[in-house]
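Residue 54 in the numbering used here sits at position 53 of the sequence shown, and the numbers go up by one each step. A short worksheet on the structure shown next.
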Amino acid sequence: FGIESGSDKSLSYLKNNLTTVQENYNAIELCKKEGIKTFGSLIVGSPEEDIDDILQTIRFIETSGISYVDIFVLTPLPGTQAWHDYKRLGYLDEKYAWKYVFLDPEGMNKEPTPIIRNKHFTSEQLYNIRNYIQRNICEPITLHRKVEKLDHRKEIERILNGQTDLCKQRPDITLLYKKERLLKKVK
């Protein structure tokens with residue numbers, strides 16, 4: 002599912018008022034009832050998104066019962082409404098180029114270049130918030146492990162103050178995913 006956000010305010014922008022957080026909860030619950038595993042893709046970086054919106058997204062990830070989940074910083078593609086909005090608002094990195102849009106298999110382990118900011122966060126802060134959520138919430142859920150109880154507001158405030166120790170990406174995570182899948186096939 003392209004869930005995008007756990008905040009109705011952010012969903013309003015990202016999905017043009019076509020869906021709500023409750024509808025996303027309902028879709029996941031319906032799939033669970035039918036025995037269908039779910040994958041969700043979420044985004045941080047909507048133009049007006051603030052800490053409360055990000056905390057709502059974290060709460061959604063933790064409580065929705067989703068089976069697998071990833072989170073990304075919004076990447077407005079040239080020519081889209083988001084591209085025009087971010088450019089008009091001055092939130093698009095002027096050095097942005099098409100080369101950052103395409104996935105380069107040889108460069109996938111390199112740090113991506115942050116290309117947007119929003120009203121409340123710099124591009125680096127968005128990138129670190131995304132890494133915090135991915136590492137501490139999405140990865141454990143996807144690997145079917147216990148999610149550590151953290152004070153997310155406090156941790157995001159630490160990120161905003163430059164403390165990024167819980168944001169470091171684990172270079173071995175791809176190997177963990179592959180190992181987990183292989184073990185499940187063997188069982």
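Even glycine gets a Cβ: it sits at the ideal position worked out from N, Cα and C. Since this is a predicted model, take the numbers as computed values, not measurements.
Look at the Cβ atom of residue i, then the Cβ atom of residue j, and state whether they are nearer than 8 Å.
| i | j | result |
| --- | --- | --- |
| Leu90 | Ile44 | no |
| Lys38 | Ser65 | no |
| Lys16 | Asp54 | no |
| Cys168 | Arg146 | no |
| Val70 | Ile160 | no |
| Arg131 | Ile52 | no |
Is residue i helix, strand or coil by DSSP?
| i | result |
| --- | --- |
| Val148 | coil |
| Phe207 | Only positions 2 to 188 of the chain appear in this structure, which leaves residue 207 out of reach. |
| Tyr92 | coil |
| Ile67 | coil |
| Ser13 | helix |
| Leu127 | helix |
| Leu43 | strand |
| Ile134 | helix |
| Phe122 | coil |
| Ile116 | coil |
| Ile72 | strand |
| Thr143 | helix |
| Gln23 | helix |
| Asn110 | Residue confidence for Asn110 is low, a pLDDT of 48 falling below 50, so the modelled location carries little weight; the figure read from the coordinates is stated next. DSSP places Asn110 in coil when its eight states are reduced to three. |
| Leu56 | helix |
| Leu78 | coil |
| Asp51 | coil |
| Ile29 | helix |
Leaving aside the five residues before and after residue i along the sequence, list all residues of the same chain whose C-beta is less than 6 Å from its C-beta, in chain order.
| i | result |
| --- | --- |
| Phe2 | Gly41 |
| Ile4 | Asn25, Gly41 and Leu43 |
| Ser13 | none |
| Glu49 | Lys120 |
Within its chain, find whatever has a CB closer than 8 Å to the CB of residue i; leave out the 5 residues flanking it on each side and keep chain order.
| i | result |
| --- | --- |
| Ile59 | Gly7, Ile134, Ile138 and His153 |
| Met109 | Summary for Met109: the model assigns pLDDT 49, below 50, so the residue's position carries little reliability, and this model does not support an answer. |
Please list, in chain order, all residues of the same chain as residue i whose beta carbon is under 7 Å from its beta carbon, the five residues on each side excluded.
| i | result |
| --- | --- |
| Tyr128 | Val74 and Pro115 |
| Glu158 | none |
| Gly63 | According to the sequence provided, residue 63 is Glu. The question's Gly does not apply to it. Within the same chain, Glu63 has close Cβ partners Ile138 and Val148. |
| Thr20 | Leu12 |
Below 8 Å on the Cβ atoms is my contact criterion, and I expect residue i with residue j to pass it. Report the Cβ-Cβ distance as a whole number of Å.
| i | j | result |
| --- | --- | --- |
| Asp94 | Ser47 | At roughly 17 Å, the Cβ-Cβ gap does not stay under 8 Å, so Asp94 and Ser47 are not in contact. |
| Pro77 | Tyr87 | 5 Å |
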